Every structure is written in C-alpha cells, then in structure tokens.
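Here's the structure, in structure tokens; my notes come after.
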Amino acid sequence: MNRRGFLIGLGALAAGGWLLRPDNRGAAHAPYFLKINDTLKEHGPGRPLMLVDHPRLAANCQTLMTMLPDGKAFRIVAKSLPSVPLIQEVMTHTGSQRVMVFHQPFMNALADAAPGCDMLLGKPMPVQAARQFYQELGNQHGFAPARQLQWLVDSLPRLEQYLSLARELDQPMRINVEIDVGLHRGGLTEPQQLDALLERIHAHPDHLSFSGFMGYDAHVGKLPAFIENATEGHRKTEARYQAFIQRLYQQAPHYRSQSLCFNGAGSPTIALYDETSVVNELSAGSCLVKASDFELPQLSSFQPAVFIAAPVIKAIDGLALPGPVPLGDAWQRWDPNRQRTYFIYGGYWKARPESPAGIQANGVYGASTNQMMYNGSAETALTMDDQIFFRPTQSEFVLLQFGDLAVWDGRRISDWWPVLSQGSGA
Ligand SMILES: Cc1ncc(COP(=O)(O)O)c(C=O)c1O
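Heads up: the sequence shown at position 163 corresponds to 300 in this note's numbering, and the numbers run straight through without jumps.
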C-alpha cells in the first residue's frame, strides 16, 4: 500500500471509530431521586447512607401476601433484612411473627425486641452458639425457646451435641431437620437417614422433640433451561420433600395429627409454589427490598426499596487520568459518558450506580473505598454535595456497611433503624 492509500485507510478507520462512539446515556436525576438528593443536600448528615424506602417496603409486603398460596404461612428471612426494626416493620405489614434466623447475636436481639416471635434456624449452628444464646437469654424472658424456637439439625453427630446441651441446661429443645431437596448444601440426603434421628429424639422426650423439616431450593431455576427449567426443578424438589414426609409418617404415624413446620422456598422460587405444595410455610426476605440480584422476571411486581446515597465531594469537567499520555482527554472526546468526573464519599460497595442515568465507574483509574471516581455525561449535571444513588446487588451484607438505616418516607428521613450487631466479646 502506498502512503496515500495508508492515510486514506487511517482516515476511514478514524471516521468509522467516530461513528461507533457510545451514545450519550446521561440524564439528570428523575424526580424520585431529585427529591431525595435535595433533601439530603440540605438536611442529610453528609456521609454515605443506606436508605430504606418505607412506602415501597410496605407495598412489597402487600405484594408478597397476595402471592402467598392459600393455606401457606410466610416466614421472614432475617439474613436478608438484617435490622430488628426492619423485621418488625415487615411483621406489621405481613402479620407474620415467623422469622428465619442465621446469627446468634441477632437471635438474642430479636427475642428481646419481639418476644412473641417464632424462630426457625436457617442454618445449623455450632452448638456453642446455642449455648451462648441460652446464656444471653437468661431465665426471666418473655420469649420461651421451648415453644418458640426450632434449632436446625443436619446430622446425627450434631443432634448428639444438642442433646448433651439440652440435658446439661435441662432445657427442652425443638429440632427441625435440614433435608437436601437438590441444593446439595448438606442435610439429610436420603429419607431413611431420618430413622436414626427420630429414634434419638424419641428416646429423650424430656429434652428433644421433632418439629419439622427445612428444605431450601436455591438451585431451582439456576440451570440453563435446556437442562432443566424452573417448573421441572420445582417438581423434583416437591417429590424429594414428599419422600421425607412419607418416611416420617411411616416411621411415626402420630405426627400426622400434629402441626409440624415444613419450611421451603426463597425469594427466587416463591412464585413456583401453590396451594398443592407439600410445604406449609414459605420463606422470603430479599424480594422485600429487592437488591439488583433479585431483578428477576418472577419478582417483577416488587419494587427496589433500598439505595445507597453517596455525596459527590468533587465534580470536575472532563476526564484527567494520571500519566504523560492525554488518554483521559481523548477518551472523554470519544465517549460523551466520560465528560464529567465525580469523586464520591466512599465507594467500592457491592452496588451499581442507579441515578443519575449513565453514571459509570472508571476501571482504568481504579476503585477506592475512600473517594471513588465515577464518570457521566454533561447531562448528569451533578455539582458538589449532590448525591449519586446506587442499588446494592444484595442486601444481607451491603445493608450492614452504613450504620443505621435511613428510613425515607417519601418526603424526609423519618427514622433511623439500627442494623444487626456482629456480636461483642463473650
Ligand atoms: C435456608 C434459607 N431459606 C430461604 C432463603 C431465602 O432468602 P431470600 O428470600 O432472602 O433469598 C435463604 C437465603 O439464603 C436460606 O438460606
């Protein structure tokens, strides 16, 4: 190729590249976020906050209750809503006192704040955590563990540990048995394994009683549809669950007339259950605040109800990247979504920018938990002390990173809800 041809080729490449420029995706905050932005700018504490939209939370609770099949109870998954007042709010809006718990300090806090609640463990706890729970509960308490608490047991050795503790404390314990309905995260894999556990429980009626099964189905709907679709996965789960119930009734027919707890489901699968299901209660938590991982077709009627609000500390025109090459300048000319640079208070959370539209992190500049860089087009129009809003990807961990939750009532921050304590020294 001669020099002229080379230059024409280069020019064509540059023109083609220019035509492939990203569209300007930026826009100012929509009215919902603008209202929060302006309120926080004026009256906020000037640090990143985790907001809970109270009207949306209440609406999500109503949505869930309308989805619940006849005859099935609802159990609140505490792990995904890690704040006692948040759980209490969900109790008020759903009428459910049933909570699935996953952390000993939270169990004690909940027993203190809501002594009428009914707790089922969502994972088998080391027996030392059970011991700690009784120690912290004391004797004079409105919460009666012998009636209101089901420990989760996944094996005979764990049952033996709980039996020893029950005898030592002279404390009757209700035992719920974890069963593997296809998730393969432990629990009994075969119905016959139940026999040895039942035998042990029945041999110690003063200290142990059988209260039901917990069979979680998080695997359903996760496989590519050509391998197994959600309906088919659910049908298999039900069949496995039924096999355990059948074995139970075969071995101990008197349970047929008792009210046992057959727990199942989670936010992504709750819509698959109907009144014919073998379970009698369904668990969910995440769908009530709907972090972005729960943006699923079957949960489309739920609204996102938690957002991070982070103040913009520095708002700068253009994109300046360190180093001798003016890469940032060329980049922002090519991509209009890099025209503005915002450094925010904090960052690097498990969360995605939500508003204003078109905001994105800068992978070349890198991430920071102190002052993270975001870019947006000129239309994002943020100035110092405005807020960037993020949607957490999940709730159980991210909700714990901001101190008390800021409760947004549609006009102002009307309350602050403390989050779950991770525990203090023994
Ligand atoms: C045992 C159990 N049940 C149910 C759930 C469902 O919780 P969510 O509705 O928040 O997804 C979980 C979540 O991990 C769980 O571990």
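No residue lacks a Cβ here, since even glycine has one placed at the ideal position from N, Cα and C. None of these values were measured; they are calculated from a predicted model.
Check: Take residue 100 and list the residues in its own chain whose beta-carbon comes closer than 7 Å to its own, dropping the five residues that flank it on each side.; Outcome: Summary: the structure shown does not reach residue 100, with the chain confined to residues 138 through 563, and so no result is reported for it.
Check: Just to confirm the assignment, what range does the beta strand (DSSP E) spanning residue 170 have?; Outcome: Careful: residue 170 lies outside any beta strand (DSSP E), inside the alpha helix (DSSP H) at 168 to 180.
Check: Could you tell me the distance, in whole angstroms, from the CA atom of residue 550 to the CA atom of residue 409?; Outcome: 36 Å
Check: Alpha carbon to alpha carbon, how far is residue 278 from residue 560?; Outcome: 20 Å
Check: For residue 207, which residues of its own chain have a beta-carbon under 7 Å away from its beta-carbon, when the five flanking residues on both sides are left out?; Outcome: 412
Check: Quick one: which unbroken alpha helix (DSSP H) runs of 4-plus residues sit fully inside the stretch 333 to 405? Chain order, please.; Outcome: 367 to 388
Check: Tell me whether residue 451 sits in a helix, a strand or coil according to DSSP, three-state version.; Outcome: strand
Check: Is any heavy atom of ligand 1 found at a distance shorter than 7 Å from the C-beta of residue 422?; Outcome: yes
Check: Is residue 299 helix, strand or coil by DSSP?; Outcome: helix
Check: If you compare alpha carbons, which of 181, 239, 324 is closest to residue 557?; Outcome: 239
Check: Within 10 angstroms of its Cβ, does residue 526 collect 16 or more other Cβ (buried), or is it exposed?; Outcome: buried
Check: Taking the alpha carbon of residue 478 as the point to measure from, which residue in 462, 470, 457 has its own alpha carbon closest?; Outcome: 457
Check: Using the C-alpha atoms, what's the distance from residue 228 back to residue 414?; Outcome: 24 Å
Check: When every heavy atom of ligand 1 is checked, does at least one fall within less than 7 Å of the C-beta of residue 214?; Outcome: yes
Check: Residues in its own chain within less than 7 Å of residue 552 by CB, not counting five upstream and five downstream?; Outcome: 544
Check: Expressed to the nearest angstrom, what Euclidean distance is found between the alpha-carbon atoms of residue 166 and residue 217?; Outcome: 28 Å
Check: How is residue 272 classed by DSSP in three states: helix, strand or coil?; Outcome: helix
Check: Near residue 156, what residues of its chain come up, given a Cβ to Cβ distance below 7 Å and the 5 sequence neighbours on each side ignored?; Outcome: none
Check: Looking only at DSSP bridge pairs, what is residue 316 linked to?; Outcome: 325
Check: So what does residue 418 bridge to, in DSSP terms?; Outcome: 210, 400
Check: Which residues bound the alpha helix (DSSP H) around residue 229?; Outcome: 221 to 231
Check: Within a Cβ cutoff of 6 Å, which residues of the same chain sit near residue 297, ignoring the five residues on either side of it in sequence?; Outcome: none
Check: Can you tell me whether DSSP reads residue 565 as helix, strand or coil?; Outcome: Nothing in the structure corresponds to residue 565, since the chain is present only between 138 and 563.
Check: Would you list the one or two residues that DSSP bridges to residue 480?; Outcome: 451, 510
Check: Nearest-angstrom Cα distance between residue 437 and residue 404?; Outcome: 12 Å
Check: Give a yes or no on whether the C-beta atoms belonging to residue 352 and residue 370 are separated by under 8 Å.; Outcome: no
Check: Could you pull the DSSP bridge partners for residue 189 from this structure?; Outcome: 443, 544
Check: Looking at ligand 1, does it come within less than 7 Å of residue 353, judged from the CB to the closest heavy atom?; Outcome: yes
Check: Among all the DSSP beta bridges, which residues are the ones paired with residue 294?; Outcome: According to DSSP, which records beta bridges pairwise, residue 294 is partnered with nothing at all.
Check: Would you tell me roughly how many angstroms separate the C-alpha atoms of residue 422 and residue 213, rounded to the nearest one?; Outcome: 6 Å
Check: Look at the alpha carbon of residue 531 and the alpha carbon of residue 391, and state the distance between them as a whole number of angstroms.; Outcome: 42 Å
Check: Which first and last residues belong to the alpha helix (DSSP H) in which residue 242 is found?; Outcome: 241 to 250
Check: Assuming residue 157 is part of the beta strand (DSSP E), what are its boundary residues?; Outcome: Unbroken run through residue 157: none, as it is neither H nor E.
Check: Three or more C-beta pairs closer than 8 Å, one from the stretch 179 to 191 and one from the stretch 443 to 453: is that the case here?; Outcome: yes
Check: Is residue 253 buried or exposed, if buried means 16 or more other CB atoms sit within 10 Å of its CB?; Outcome: exposed
Check: On the criterion of 16 or more Cβ atoms from any shown chain inside 10 Å, does residue 350 qualify as buried, or is it exposed?; Outcome: buried
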